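A quick write-up on the structure given underneath.
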Amino acid sequence: MLHSRNGRPTDQRIFLGKVTRADSEKGVTVHVTREVSVETLRQGQFVVIEGRFVKFFGTISGFRLAATDPAIEQDPPDSGSSLVYDTLSRTTTYAECIVRPSLEMITTGAADGSDVGGDNLKPARTIPGHFAQVYKAGSQDFKQVFGAEEKGKYFFIGQPRDMDVPVAINLERVVERSNGIFGRSGTGKSILARLLFCGLIKTNACANLIFDMHSEYAYSKRLESDRMARGLRELFGASKVMVFSLDKEDTTRPGKSVDGWLQIPLDLIEHEDLASLQEELTLSDAQLIAAGQLERRLGKKWMARFLDMDAEELKETNKQLGAHEGAMEALRRRLQRIDQLGFVTREGTVAKNGIGDLVHALEHGRNVVLQFGKFSSLLSYMLVANLITRRIHEKWVELTEKAEQAGQKAPPLMITIEEAHKFLSHGQTIFGTIARELRKYSVTLLIIDQRPSSIDPDVMSQLGTRITALLSDERDIDAVFTGTRGGHFKNILATLDTRQEVLVFGHAVPMEVVLRTREFDEDLYRAVAPAAALNKVERGKQALEDLFGE
Ligand SMILES: Nc1ncnc2c1ncn2[C@@H]1O[C@H](COP(=O)(O)OP(=O)(O)O)[C@@H](O)[C@H]1O
Ligand SMILES: [Mg+2]
């Protein structure tokens, strides 16, 4: 943590040193003043460079020790005395830090700070001159760059490591593009996503569909600190957050009500869904092709018909398709795995299976958490997510066409998937299509994943905003920066805390920033859902007041 001279943490700017070299490619070299020990600085720290005409905002990307007299490096002093070190640091030794300027702001020189404002901020297109003064940013600088929460659709998602300043993200911009949350397991991805949903739901920025593999978003979840984090349904109520489940038993859990029970009619499963399940089902290319032939030949109810064929019929079909008997048998066994899933049904019209209700809710701006209950296998998750997303996509294409005729846009929708690399290892899936089509149809993705290197680079490069917690695999770190110019921040990623610390960059923030993720606690509840944050007695009082006035 950075301290002022008297050792207390501070929200004030702290003078760090002066620019001695600058290179538009390699960044700005700052000669660190001897008042500041390099050991109190951190990679990823936010700094301000006061040039003569331009003020720069940037991030520390690295450090270096140096000496004016090379002899000192060859022959360091023997003594451990701090007096000797102090003397040397006054005369011969010093530290440098490398800063990457991200933004520039033309200053009008107004002492009252009237040049404050996001509109004046532009990507840095020049470098500071010699000896420009460099400061560790103060709270005022953070506010200037990251906007205050009061300003419309900004939502406070975290604080800088060593300060108590809320840093906000622009939710309108979050909704405009697909986004990603990355990080190793246990780094706080799900909590951060939950936080983001709180902001999106509170401001009605978009409707959310959350494919909730581990049933963790709707209701309270125990944190590792043993505290409970409240769920979205508890905070926002049924009018805003609907819960659907694939597991009939979910509907009978006390205190965890479910609004709809979803079934997947076998007839709705198409060849395209199988293609995205190829790996999960261990389908060979030949089997997949055979499935396609079957679908074309037998029509809509192909799967049920194929599964129910007796030996005679099967033989006949094989002959007609010119298919290999063994391959067809193997295909059948694999399709049986789908048929046997507890939520897959042979009957059930679309009206009764819940899918229609789910889509209807989203269309009307409500948020939907889809729980999998005991069907939390990857096969179930991928099958359902694919199938439902395909229907939603069709629906939103239709809604967009209608809306456009009236000069409007379809209601914005964000679809959240976890273990995203399982869906997006190649771009030929419905999710790849959505990521590429961007906002054309007002549908975007929120991708939560711990292995970004397994996601199709084409899809990665479409992501607008990336929020990344600690990653340790070199390939994953590289992948997070696909299609951006932020590669020089790579080293920051590996130095983040093992939890609750993230690097945020992209469309929804003016520049990259390292944050301690906002605590998921009572303060948050009060901010996003005041009514739900009250305890029982307070709720009772509120209800009486609503009835009878104060
Ligand atoms: N913003 C936060 N507020 C409170 N606790 C957090 C926060 N972020 C992470 N944690 C802690 O980290 C643990 C793991 O978070 P989780 O979101 O489940 O990780 P992941 O989804 O990346 O595996 C949580 O149980 C909680 O104890
Ligand atoms: Mg998680």
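Numbering (the numbering used here) for the sequence shown: 657 to 1206. Here a beta-carbon is modelled for each residue, glycine too, at the ideal position from N, C-alpha and C. These numbers come from a predicted model, not from an experiment.
How about glycine 700 and histidine 687: do their beta carbons lie closer than 9 Å? Translated into the one-based positions of the sequence shown, residue 700 becomes position 44. Translated into the one-based positions of the sequence shown, residue 687 becomes position 31. For glycine 700 and histidine 687, no; Cβs fall outside 9 Å.
Near valine 821, which residues of its chain fall below 8 Å by C-beta distance, leaving aside the five closest residues on each side in sequence? Translated into positions along the sequence shown, residue 821 becomes position 165. Asp667, Ser795, Phe798, Lys799, Gln815, listed in sequence order.
I'd like to confirm something about isoleucine 847: is its beta-carbon nearer than 8 Å to some heavy atom of ligand 1, or not? Position 191 of the sequence shown, counted from the start, is the residue given in the question as residue 847. Result yes, Cβ under 8 Å from ligand 1.
Taking the alpha carbon of aspartate 941 as the point to measure from, which residue in Lys778, Ala986, Ala960 has its own alpha carbon closest? Working through the sequence shown from its first residue, we reach residue 941 at position 285. Nearest C-alpha to aspartate 941: Ala986.
Length of the line joining the Cα atoms of aspartate 1013 and isoleucine 1123: The residue you call residue 1013 lines up with position 357 of the sequence shown. The residue you call residue 1123 lines up with position 467 of the sequence shown. Straight-line Cα distance between these residues: approximately 32 Å.
Between the C-alpha atoms of phenylalanine 962 and threonine 973, what's the straight-line distance to the nearest angstrom? For this step, residue 962 is matched to residue 306 along the sequence shown. For this step, residue 973 is matched to residue 317 along the sequence shown. Straight-line Cα distance between these residues: approximately 9 Å.
Inter-residue Cα distance where the pair is arginine 850 and leucine 902: By one-based count along the sequence shown, residue 850 stands at place 194. By one-based count along the sequence shown, residue 902 stands at place 246. Approximately 21 Å, taken between the alpha carbons.
Phenylalanine 1028, enclosing beta strand (DSSP E) - first and last residue: Position 372 of the sequence shown, counted from the start, is the residue given in the question as residue 1028. Taken as a continuous stretch (DSSP letters only), phenylalanine 1028 belongs to no beta strand (DSSP E), as it is neither H nor E.
So, are the CB atoms of leucine 955 and histidine 927 less than 9 Å apart? Taking the first residue of the sequence shown as 1, we reach residue 955 at position 299. Taking the first residue of the sequence shown as 1, we reach residue 927 at position 271. The amino acid at residue 955 is misidentified as leucine; the sequence shows glycine. For glycine 955 and histidine 927, no; Cβs fall outside 9 Å.
Helix, strand or coil for alanine 1062 per DSSP? For the purposes of this step, residue 1062 is taken as the residue at position 406 of the sequence shown. Three-state result, alanine 1062: coil.
Within 10 angstroms of its Cβ, does isoleucine 813 collect 16 or more other Cβ (buried), or is it exposed? Position 157 of the sequence shown holds residue 813. By the neighbour-count rule (16 or more Cβ atoms within 10 Å), isoleucine 813 is buried.
Kindly indicate the opening and closing residues of the alpha helix (DSSP H) around valine 1136. Here residue 1136 refers to the residue found at position 480 when the sequence shown is read from its first residue. First-last of the alpha helix (DSSP H) with valine 1136: 1130–1136.
So what's arginine 781 in DSSP terms, helix, strand or just coil? Counting from one through the sequence shown, the residue named residue 781 turns up at place 125. Coil.
Assuming contact is defined by CB atoms lying nearer than 9 Å, are phenylalanine 811 and isoleucine 825 in contact in what I supplied? On the sequence shown, residue 811 is found 155 positions in, with the first residue counted as 1. On the sequence shown, residue 825 is found 169 positions in, with the first residue counted as 1. Closer than 9 Å, so yes.
Per DSSP, what are the beta-bridge partners of alanine 824 in this structure? To locate residue 824, count along the sequence shown from 1; it is residue 168. The partner list for alanine 824 (beta bridge, DSSP) reads Phe812.
Glutamine 1084 and aspartate 906 look like a contact to me (Cβ under 8 Å); what is the Cβ gap, rounded to whole Å? Counted from its first residue, the sequence shown places residue 1084 at position 428. Counted from its first residue, the sequence shown places residue 906 at position 250. The Cβ separation is near 32 Å, so there is no contact.
If we count the other Cβ atoms within 10 Å of its Cβ and call it buried at 16 or more, is leucine 1200 buried or exposed? Position 544 of the sequence shown, counted from the start, is the residue given in the question as residue 1200. Per the 10 Å Cβ criterion, exposed.
Out of Ile754, Lys957, Thr749, state which residue places its alpha-carbon closest to the alpha-carbon of leucine 697. Locating residue 697 in the sequence shown gives position 41, where the first residue counts as 1. Of the listed residues, the one whose Cα sits closest to leucine 697 is Ile754.
Rounded to the nearest angstrom, what separates valine 831 and isoleucine 783 at their Cα positions? Within the sequence shown, numbered from 1, the residue matching residue 831 stands at position 175. Within the sequence shown, numbered from 1, the residue matching residue 783 stands at position 127. If you take the alpha carbons of valine 831 and isoleucine 783, they lie about 33 Å apart.
Go ahead and pull the three-state DSSP assignment for cysteine 862. Residue numbering aside, residue 862 sits at position 206 when the sequence shown is read from its first letter. Note: cysteine 862 maps to coil in three-state DSSP.
Ligand 1 and aspartate 941: does any heavy atom of the ligand fall closer than 8 Å to the residue's C-beta? Position 285 of the sequence shown holds residue 941. Flag unset: Cβ of aspartate 941 not near ligand 1.
Run the proximity test for alanine 885: is its beta-carbon closer than 8 Å to any non-hydrogen atom belonging to ligand 1? Start at 1 with the first residue of the sequence shown, and residue 885 comes out as number 229. Because some heavy atom of ligand 1 lies under 8 Å away, the Cβ of alanine 885 counts as near it: yes.
Which runs of the alpha helix (DSSP H) fall wholly inside the region 931–981 and span at least 4 residues, in chain order? 941–954, 958–964, 967–977
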